[in-house]
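Counted the way my numbering counts, the sequence shown spans residues 16 to 433.
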Amino acid sequence: MSEKRHVVEETAQLYGFLRDHTAKKYPERAWRYEAIANYMEKVAKSKDTGEEVAWVNFATIPEIFWAMDMIPISIDLMSGLAASSPEGAAEFIDLAEQYIPDYICATNKVAFGAIMDGAMPVPGMLVHPSAPCDSAVTAYPLLSEHFGIPYFCIDVPYFRDERGYQYLTDELRRLVSFLEETTGRRLDPDKLRQTMEYSNRAHEYSQKVNQLVNSVPCPIPSIDIMLDFNAINSLAGTPQLVEYMKTRYETAREMVNAGRGHLAQENFRLVWVYAMPVFDWSLYSWLEEQYGAVSISALNLFDVPPTEDVSNTDRILRGLAQKVTLEPMLRECGGPWEYYADRLEDLCRRYKADAAVFGGHIACKHTWAIASLIKDRLYDTLGIPTLVIEMDVFDPRVASLDAVKARLDEFLTVIMER
Numbered sequence: 016m017s018e019k020r021h022v023v024e025e026t027a028q029l030y031g032f033l034r035d036h037t038a039k040k041y042p043e044r045a046w047r048y049e050a051i052a053n054y055m056e057k058v059a060k061s062k063d064t065g066e067e068v069a070w071v072n073f074a075t076i077p078e079i080f081w082a083m084d085m086i087p088i089s090i091d092l093m094s095g096l097a098a099s100s101p102e103g104a105a106e107f108i109d110l111a112e113q114y115i116p117d118y119i120c121a122t123n124k125v126a127f128g129a130i131m132d133g134a135m136p137v138p139g140m141l142v143h144p145s146a147p148c149d150s151a152v153t154a155y156p157l158l159s160e161h162f163g164i165p166y167f168c169i170d171v172p173y174f175r176d177e178r179g180y181q182y183l184t185d186e187l188r189r190l191v192s193f194l195e196e197t198t199g200r201r202l203d204p205d206k207l208r209q210t211m212e213y214s215n216r217a218h219e220y221s222q223k224v225n226q227l228v229n230s231v232p233c234p235i236p237s238i239d240i241m242l243d244f245n246a247i248n249s250l251a252g253t254p255q256l257v258e259y260m261k262t263r264y265e266t267a268r269e270m271v272n273a274g275r276g277h278l279a280q281e282n283f284r285l286v287w288v289y290a291m292p293v294f295d296w297s298l299y300s301w302l303e304e305q306y307g308a309v310s311i312s313a314l315n316l317f318d319v320p321p322t323e324d325v326s327n328t329d330r331i332l333r334g335l336a337q338k339v340t341l342e343p344m345l346r347e348c349g350g351p352w353e354y355y356a357d358r359l360e361d362l363c364r365r366y367k368a369d370a371a372v373f374g375g376h377i378a379c380k381h382t383w384a385i386a387s388l389i390k391d392r393l394y395d396t397l398g399i400p401t402l403v404i405e406m407d408v409f410d411p412r413v414a415s416l417d418a419v420k421a422r423l424d425e426f427l428t429v430i431m432e433r
């Protein structure tokens, strides 16, 4: 009988090992793991320390939670980390499918199955936005009802205009009321303002990093470009993220000023115009080593400007309402298809893409409907070819690592021959 898994604890141990090992062997690189390692250890110890943990969807802004002395933890982040572990997440997906339909997104199935199995703790609460994913809107209420968990859905409007931002501001006020009622804590305006100051500084550095990624050759490894998402997604509003992004920026700036890139020879710049496999992160190192192909950008790129006015709670909530609509994936998929197409064309142009990859996650039916439109748009306007791969981001049984590599190998070989 296999040993019982504890996903939060095993993740905290993994990042703790990476932090400690790197600090001993490559002390100048230890900052890459320190912030997330400390954060995951904080989450893992919360049961003993009594700190309030809020389980949230990846598109839920963390600042309000940090301002209320709560720890936000992304369900999707934990599902992805479980899927990328040596054991994978197939057992959790199979267990979940005994209770929920198989067409539900695997990120929700991993979480549902892991909680049912006891490999993840039963959340104290669940918070998520209504966009961009129908699967989350379906799965989270079921999870809430099954376990009797307090639940809140941030209703996100379809259009990005002043009326929509005002509606979303009111939704965030409702979220604050829900959190106050659920936890018995009050939102301190001064603490919120301090949290937003940290958030603004971190996002300022994030935008500077994005500008450096434009450089050819790229100064940052593909995996780091992708994994920065985890840090920003979890730690926005904390001084730890400010220090992390500041160091990321300064390190990348030094390389650009010296005319150096992460790769000795950069041959291709890929933009992933939808999902990316997370069940095996070695894929991105393989692309670099085999083809000199850097995965320069993807939908998980944070491109959020600082909130201009943090003088009072009302104006902060108005700024955070706009940030909700700029969260990766929600920004592209939470409205008319033109939002998606315009954004992806901009990314490919800005980052000087040579090719694009549409990682077609099988549960995301809304994006499959426009995959061909996106492919045609990028080729017609920029001359960029797009590879479309059917896969499951979390479950390699749909398309294995070897199968994904084979498609990429054929695609990049053709580009090289041309």
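Don't be surprised by glycine CBs; every beta carbon is placed ideally from N, CA and C. Note that the coordinates shown come from a computational prediction; the quantities given were computed from them, not determined experimentally.
CA-CA distance, residue i and residue j?
{"i": "A414", "j": "E212", "result": "43 Å"}
{"i": "A111", "j": "D407", "result": "16 Å"}
{"i": "L96", "j": "L242", "result": "11 Å"}
{"i": "R358", "j": "A418", "result": "29 Å"}
{"i": "C148", "j": "I79", "result": "22 Å"}
{"i": "D109", "j": "T328", "result": "44 Å"}
{"i": "Q337", "j": "I119", "result": "28 Å"}
{"i": "R208", "j": "P87", "result": "18 Å"}
{"i": "M55", "j": "G398", "result": "43 Å"}
{"i": "E432", "j": "I115", "result": "46 Å"}
{"i": "K261", "j": "H218", "result": "10 Å"}
{"i": "L52", "j": "L345", "result": "First, the residue type needs correcting, since residue 52 is Ala and not Leu in the sequence shown. Cα-Cα distance, rounded: 27 Å."}
{"i": "R47", "j": "I247", "result": "13 Å"}
{"i": "R275", "j": "T266", "result": "11 Å"}
{"i": "L369", "j": "I238", "result": "Checking the displayed sequence, the identity of residue 369 turns out to be Asp instead of Leu. Straight-line Cα distance between these residues: approximately 19 Å."}
Taking residue i as the reference, give the member of the options with the closest Cα.
{"i": "D84", "options": "D117, D203, L416", "result": "D203"}
{"i": "Q437", "options": "P343, M131, D424", "result": "Absent from the model: residue 437. The displayed extent of the chain is 16 to 433, so no value can be given."}
{"i": "V125", "options": "S94, G139, S100, A151", "result": "S94"}
{"i": "L316", "options": "L402, I240, D395, C168", "result": "I240"}
{"i": "Q222", "options": "D205, N72, Q255, R268", "result": "R268"}
{"i": "V23", "options": "A121, R47, P136", "result": "P136"}
{"i": "K206", "options": "L362, T382, I331, P400", "result": "I331"}
{"i": "E186", "options": "E196, N248, D170, V257", "result": "D170"}
{"i": "F373", "options": "K367, R365, Y366, T382", "result": "T382"}
{"i": "C363", "options": "W296, K420, V228", "result": "V228"}
{"i": "A356", "options": "A378, R44, A386, E342", "result": "A386"}
{"i": "P320", "options": "L158, T64, L341", "result": "L341"}
{"i": "V286", "options": "C233, W81, A104", "result": "C233"}
{"i": "H21", "options": "E102, K62, D117, G133", "result": "G133"}
Per DSSP, which residues does residue i bridge with? Please list them.
{"i": "F167", "result": "V142"}
{"i": "W70", "result": "I88, L141"}
{"i": "S312", "result": "V286"}
Quick check on the DSSP output: the alpha helix (DSSP H) that includes residue i runs from which residue to which?
{"i": "P204", "result": "204-228"}
{"i": "P156", "result": "149-162"}
{"i": "F231", "result": "It is worth fixing the name first, because residue 231 is Val in this sequence and not Phe. Premise fails: V231 is in no alpha helix (DSSP H) and is neither H nor E."}
{"i": "D295", "result": "Premise fails: D295 is in no alpha helix (DSSP H) and is neither H nor E."}
{"i": "Y113", "result": "Per the sequence shown, residue 113 should be read as Gln rather than Tyr. Careful: Q113 lies outside any alpha helix (DSSP H) and carries neither H nor E."}
{"i": "G31", "result": "22-40"}
Using a 10 Å radius around the Cβ and a threshold of 16 neighbouring Cβ atoms, would you call residue i buried or exposed?
{"i": "T26", "result": "buried"}
{"i": "Y30", "result": "buried"}
{"i": "E347", "result": "buried"}
{"i": "M16", "result": "Because the pLDDT of M16 is 39, which lies under 50, any placement of that residue in the model is unreliable, and the number read from its coordinates should be weighed accordingly. M16 should be labelled exposed."}
{"i": "V257", "result": "buried"}
Terminal residues of the continuous beta strand (DSSP E) containing residue i?
{"i": "M406", "result": "401-406"}
{"i": "A50", "result": "It is not in any beta strand (DSSP E) - A50 instead sits in the alpha helix (DSSP H) that spans 46-59."}
{"i": "H376", "result": "370-376"}
Would you say residue i touches the ligand MG, meaning its beta carbon is less than 7 Å from a heavy atom?
{"i": "V22", "result": "Only the bare structure without any ligand can be found here, which leaves the ligand MG out of the picture."}
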